[in-house]
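Encoded as structure tokens, the structure appears first; notes follow it.
Protein chains: 2
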Amino acid sequence: MNPLERIFLLLSILPFACFSQGISHPDTFPGAIIVQLPERNVAQLKKLTLEEAHLQCTSWRVAVEANNLSPWKIIPEDCADYVKEYMTGNGYEFDLQRVYNEAGIYARSVNLNGDGKDAWIFDVDETLLSNLPYYAEHGYGLEMFNSTKFDQWVETGTAPAIESSLKLYEEVLGLGFKIILLTGRSERHRGITVENLLRAGFREWDKLLLRSSEDHGKTATLYKSDKRNELIEEGYRILGNSGDQWSDLLGSSMSKRSFKLPNPMYYIP
Amino acid sequence: MNPLERIFLLLSILPFACFSQGISHPDTFPGAIIVQLPERNVAQLKKLTLEEAHLQCTSWRVAVEANNLSPWKIIPEDCADYVKEYMTGNGYEFDLQRVYNEAGIYARSVNLNGDGKDAWIFDVDETLLSNLPYYAEHGYGLEMFNSTKFDQWVETGTAPAIESSLKLYEEVLGLGFKIILLTGRSERHRGITVENLLRAGFREWDKLLLRSSEDHGKTATLYKSDKRNELIEEGYRILGNSGDQWSDLLGSSMSKRSFKLPNPMYYIP
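Protein chains in written order, with UniProt numbering: chain A, 1 to 269; chain B, 1 to 269.
Here it is as structure tokens:
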């Protein structure tokens, strides 16, 4: 099946019902002037419906990336094929490449102090290491997260590198940044995480920060903010931060510049 | 021309050259394990190229919405038709509707104190009012910004309401939030801005904050942060913030929850 046929198959099996989200005409004030949408004739409607179903899943994904969605547990059922196509086709790869390009441009533009306190923070999962082999077996985010099964996967230590992140990592390292790895993984996974990172090609980080027992009750946003606060207290200047979750990037002691890697498969508050 | 024909026309006239952004194979470490991309045969390549051109413009737009792009002046020339199609087709409307839905869910979930200090901030341009009639005449972001021409448009006072924002505005007002309008427009445009807002159906705001002479040297991020700091000092709790630029949302005294409205046409630092 060629790619265009695949798109049409995808679109044709996406029910449209999920998108009727209570859109009613607003109770506007008298004389209000409103953006006019283009008129459409009935003959166009069916094809628009297919196009719209695809657009709605893109719209959902853009909302994820712009941090507009409330905490969400699983991907919308009607976007299951869309997300799979995105993750395994060119979409994910193009987005990763773009973030890599932008981060590299920024990294090269920074004047480093050179005192060993110029820091770039990297998250681990879906930032340096890819759990795509795991998520491919679990619906690309369609299944509820199962920490037991996911831990079993983590403990294999076989997560591959995200190629563009490995390139950025090497570039940032070469420029003289100190690399801080800040992950939501538990301290008890330190050994296997180090092993996996080395196997995937990462090296020479300054610190690998994992959740200790006192961090386990915190949201990722709070835990990572606390860790950034400590880094600032130690004299680090956080100049760059790469993460696939907004909870990697927002909060206190935010980086001078943050880079949001794509991830439509799961959300961590 | 039906919508699918339009897509193919769009794709067929998008040159691919712009997307070769120096993608070279990384100098990976020995033994590194890397995500494997699916293999493709030569027969698929041409169609993938058309698909890829469209995907690259979507990727650019996602990067804009995720705040990953360095300051940018104009939209990529090769995405000119894509952005026009997005702004005038269903894409922009779907994205606006989704932000409206999410903001409404959040607004209804907030427990208000009711002392008149529960605040929701709205930006004006491309948030409450649409300048699409102006940008339609100026390449949807393809032309360099011309402040003289744009001011002439502003002074007509005819910018229409963004329908979903008017609905959210009314809902937020009805829930008991105090509405603060915080805009990068100049104080000298206060009169025409009030006139335009009323004409478009907006009413009963608590404050309309515009740039005074002392604010003109500041970035939007700094100017808006300073204004939010002042609001906090006055006792307001900033519970919601709607804006089409990240400079509306990031900085100090950030809102408890922010909503990024779509805007691929221009960037304000």
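Beta carbons: idealized from backbone N, C-alpha and C, even for Gly.
Using a C-beta cutoff of 8 Å, does residue i count as contacting chain A?
i         : result
Asn131(B) : no
Leu119(B) : Note on residue identity: the sequence assigns Ala, not Leu, to residue 119(B). No, Ala119(B) does not count as interfacial toward chain A.
Asp125(B) : no
Thr58(B)  : yes
Tyr106(B) : yes
Leu69(B)  : yes
Phe122(B) : no
Ala80(B)  : no
Met265(B) : no
Asn90(B)  : yes
Val110(B) : no
Glu155(B) : no
Val62(B)  : yes
Lys224(B) : no
I'd like to know whether the C-beta of residue i is nearer than 8 Å to at least one C-beta of chain B.
i         : result
Ile179(A) : no
Glu39(A)  : Because the pLDDT of Glu39(A) is 49, which lies under 50, any placement of that residue in the model is unreliable, and the question is left without a value.
Ala220(A) : no
Phe94(A)  : yes
Gly114(A) : no
Leu55(A)  : yes
Val99(A)  : yes
Glu77(A)  : no
Glu195(A) : no
Leu239(A) : no
Ala136(A) : no
Leu172(A) : It is Val, not Leu, that sits at residue 172(A) in the sequence shown. Val172(A) does not count as touching chain B.
Does DSSP classify residue i as helix, strand or coil?
i         : result
Thr221(A) : helix
Thr158(B) : coil
Thr49(A)  : helix
Asn263(B) : coil
Lys178(B) : strand
Ile7(A)   : Residue confidence is low: Ile7(A) scores 42 on pLDDT, short of 50, so the model does not pin down where it sits. No coordinate-derived value is stated.
Ser186(B) : strand
Glu233(A) : helix
Ile192(B) : helix
Met144(A) : coil
Val99(B)  : helix
Gly89(A)  : coil
Trp64(B)  : Contrary to the premise, residue 64(B) reads as Val rather than Trp in this sequence. Of the three classes helix, strand and coil, the one that applies to Val64(B) here is helix, per DSSP.
Val83(A)  : helix
Ser59(B)  : helix
Trp72(B)  : coil
Phe150(B) : helix
Asp248(A) : helix
Phe202(B) : coil
Glu137(B) : coil
His216(A) : coil
Asp226(A) : helix
Asp78(B)  : helix
Going by the CB atoms, is the gap between residue j and residue i shorter than 8 Å?
i         : j         : result
Ile162(A) : Leu128(A) : yes
Arg98(A)  : Ser59(B)  : yes
Met87(A)  : Met265(A) : yes
Ile121(B) : Asn241(B) : yes
Ser255(A) : Ile232(A) : no
Ile179(B) : Trp205(B) : yes
Glu65(A)  : Ala66(B)  : yes
Gly176(A) : Gly114(A) : yes
Asp95(B)  : Pro262(B) : yes
Arg190(A) : Val124(A) : no
His54(A)  : Tyr100(A) : no
Asp118(A) : Arg237(A) : yes
Ser247(B) : Lys224(B) : yes
Leu181(A) : Leu142(A) : no
Asn194(B) : Val62(A)  : A small fix is needed here, since residue 194(B) is Val in this sequence, not Asn. Their beta carbons are not under 8 Å apart, which means Val194(B) does not touch Val62(A) by this criterion.
Ile268(B) : Ala200(B) : no
Tyr134(A) : Lys84(A)  : no
Ala103(A) : Leu166(A) : no
Ser212(A) : Glu187(A) : yes
Thr183(B) : Leu222(B) : no
Asn68(B)  : Lys227(A) : no
Leu239(A) : Val110(A) : yes
Identify the residues that DSSP records as bridge partners of residue i: which are they?
i         : result
Leu208(A) : Leu181(A)
Asn241(B) : Ile121(B) and Ser258(B)
Leu129(A) : Asp125(A) and Ala161(A)
Is the region 149 to 168 of chain B close to the region 114 to 133 of chain B, with three or more CB pairs under 8 Å?
-> Yes, since at least three Cβ pairs between the region 149 to 168 of chain B and the region 114 to 133 of chain B fall closer than 8 Å, the two stretches touch.
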